[in-house]
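Adding 4 to a residue's 1-based position in the first sequence gives its number in our numbering.
We put the beta carbon where it would ideally sit given N, CA and C, even for glycine.
All values reported here derive from a predicted model rather than from experimental measurement.
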Amino acid sequence: MKFKALKGVHDILPPETYIWQHMEVVAKEVFRTYGYKEIRLPIIEPTDIFIRSIGETTDIVEKEMYTFQDKGGRSVTLRPEGTAPFVRAFIEHNLYNEPSPQKYYYIGPMFRYERPQAGRQRQFYQIAVEVLGTDDVKVDAEVISMLSIFFKKIGVKDIEIEVTSIGCGRCRPEYKVALKNFLKDKLNIFCDDCKRRYDINPLRILDCKVKTCIDAREGSPSVIEFLCKDCKVHFNDVRYYLRLLGIEHIINPNLVRGLDYYTRTTFEVKSPLLGAQNAVAAGGRYGSLVEEFGGPPVSGIGFAVGIERVIPLIKGLPSIWGGPDIFLCSLGKEAEEKSLLLAEQLRGEGLWVELGYDKSSLRSQMRRADRIGAKNVIVVGEDELKKQRVIIKNMKDKNEVEAAFDVKAIIKTI
RNA sequence: GUGAGUGUAGCUCAAUAGGUAGAGCACUGGACUGUGGCUCCAGUGGUUGUGGGUUCGAGCCCCAUCACUCACCCCA
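Spelled out as structure tokens, the structure:
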């Protein structure tokens, strides 16, 4: 019987784990300079928080959630996204009593029961940030700027930032009506999916890739024209600050977000180098989610980066993948014991030290040292023990020197 | 959930008209009693995804099933 990982769930092995670590280190460092603090959240939550926030009729809730009953009969769900759990925690711990705005980030797995394909798995990882407690447009711009700087710092260049505003609870319904009116008499031209979307989520028709649909929606009203006065001012300010910060971006009124809680600013980072799933990060403002969850009437904004989607965009491995500082070759039982002790002492000094564990010839130990990329080899044999000295060989320039059988002397020599 | 493609060694792939599975890389060891990379040699490793069927005989043909991949839907 051979066991396998579940469909859409992957092991992440070295050396890829080094890229993951690198990405997390860079993210944390960038976020720190903006004042973000880490928050660690459960990956399992009461089912209701997702239904209430993401939206009852969204695909995520209708067919993609890992939902089951626990032994106490509660309906629980592996989180399909992070904002709802974050808002739950924010309110539960009264974090709005901290100085405003509150800035947090979290890193971890999300779960969606979907058919896997390039850039999509059932367990996937996100690096996400959330800012609560302010409506200030500068934050919208700053969040997008931080995201762009993060990509720059990890060396991802082939990306485009798309921004739009989808209005608020007042103006969006008006736009929906106007859009449906415009599309109504052309409905027979559209593909089957779009016909279905017309009733469920007409905004999504704007995102359809079918050529006839693209032509048919030509001249449709733009969400931006329908923004109410406040939303319009807000969006114009976002654009102003993005320009001020010199963030290259595209205004895409057809940008569609899948989650119901978004209001006003939404944005997406795409890469043309990826497959059909080309969004590497996405986010937006959520104006009333906190209040709907029983918290104070504060607005929030955040984004999530899909780690698996960014990985293929990072060119080459960071050079942290080196070899051991020292490889100890030993010959004979006494030498093996002395080497074991010496290794522990050297490690205590912060060095990466490997041993030739299996009794084998010096040749074979040397070969092993070479294969794993050891920088130095120390030979401990009978002669050396007798003289209480060791031979240190630099593997790169092949030079050999002698040193006293002593940690300090060895460190000084290498 | 829908559609298409692919399944042979750890990895990349061979196997002519169906005749009983091979190479390179990797790994381990040797040539070189205590010195790596190069070279040469050897070894480990496969019920050809699985189960049926056709056939004297199936990696190859047929059916089913599973897995993986890509795309749709949808999304990070």
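Collapsed DSSP secondary structure at residue i in the structure displayed
i	result
Arg78	coil
Ser365	coil
Cys172	coil
Thr51	coil
Ile163	coil
Lys107	strand
Leu332	strand
Val13	coil
Arg208	helix
Phe7	coil
Arg124	strand
Pro113	strand
Glu118	coil
Arg200	helix
Pro177	helix
Glu102	coil
Asp401	coil
Lys190	coil
Arg56	helix
Arg419	Because the chain spans 5 through 418 in this model, residue 419 falls outside it and cannot be assessed.
Arg243	helix
Cβ separation of residue i and residue j, assumed to be a contact under 8 angstroms, to the nearest whole Å
i	j	result
Phe331	Val381	5 angstroms
Glu358	Ile376	7 angstroms
Arg289	Thr267	6 angstroms
Gly439	Leu249	Since the displayed the chain opens at 5 and closes at 418, residue 439 lies outside it and no answer follows.
Ile117	Glu68	The question names Ile, yet the displayed sequence has Tyr at residue 117. So it is a contact: roughly 5 angstroms between Cβ atoms.
Pro120	Gly12	4 angstroms
Lys157	Val30	5 angstroms
Gly310	Gln130	6 angstroms
Leu187	Ser224	7 angstroms
Tyr40	Val133	6 angstroms
Met399	Lys379	6 angstroms
Thr168	Asn256	6 angstroms
Ile251	Ile165	7 angstroms
Leu389	Ala339	6 angstroms
Residue interval of the alpha helix (DSSP H) (run including residue i)
i	result
Ile43	Run containing Ile43: none; DSSP gives neither H nor E here.
Cys195	Counting along the chain, Cys195 falls outside any alpha helix (DSSP H), and DSSP gives it neither H nor E.
Asn380	First-last for Asn380: Asn380 to Val384, but that is the beta strand (DSSP E), not the alpha helix (DSSP H).
Ile218	Lys215 to Ala220
Arg436	What is shown of the chain runs 5 to 418, which leaves residue 436 out entirely.
Ile415	Val411 to Thr417
Leu346	Lys337 to Gly352
Ala31	Glu20 to Thr37
Ala145	Val141 to Lys157
beta-carbon residue i near the ligand GDP non-hydrogen atom, thresh 8 angstroms
i	result
Ile58	The model depicted lacks the ligand GDP and carries no ligand whatsoever.
For residue i, the first and last residue of its enclosing beta strand (DSSP E)
i	result
Lys397	Arg393 to Asn398
Phe230	Phe230 -> no beta strand (DSSP E), and no H or E assigned at all.
Leu359	Val357 to Leu359
Tyr129	Gln127 to Leu136
Thr62	Element bounds for Thr62: n/a, residue is neither H nor E.
Gln73	Tyr70 to Gln73
Ala420	Residue numbering for the chain in the displayed model covers 5 to 418; residue 420 lies beyond these limits and cannot be assessed.
- Message: Tell me whether the stretch 36-47 and the stretch 89-97 touch, counting them as touching only if at least three CB pairs, one residue from each stretch, are closer than 8 angstroms.
- Response: yes
- Item | alpha helix (DSSP H) runs contained entirely in the stretch 248-328, provided each spans 4 or more residues | 293-296 and 311-314
- If we count Cβ pairs, one from each stretch, closer than 8 angstroms, do we get three or more for the stretch 287-306 versus the stretch 259-273? yes
- Per the contact definition of three or more C-beta pairs closer than 8 angstroms, is the stretch 111-125 in contact with the stretch 288-306? no
- Query: Is the stretch 184-202 close to the stretch 141-153, with three or more CB pairs under 8 angstroms?
  - Reply: no
- Message: Would you call the stretch 228-242 in contact with the stretch 203-216, where contact means no fewer than 3 C-beta pairs closer than 8 angstroms?
- Response: no
- Query: Using 8 angstroms as the threshold, is the stretch 212-222 in touch with the stretch 181-195, meaning 3 or more CB pairs across them?
  - Reply: yes
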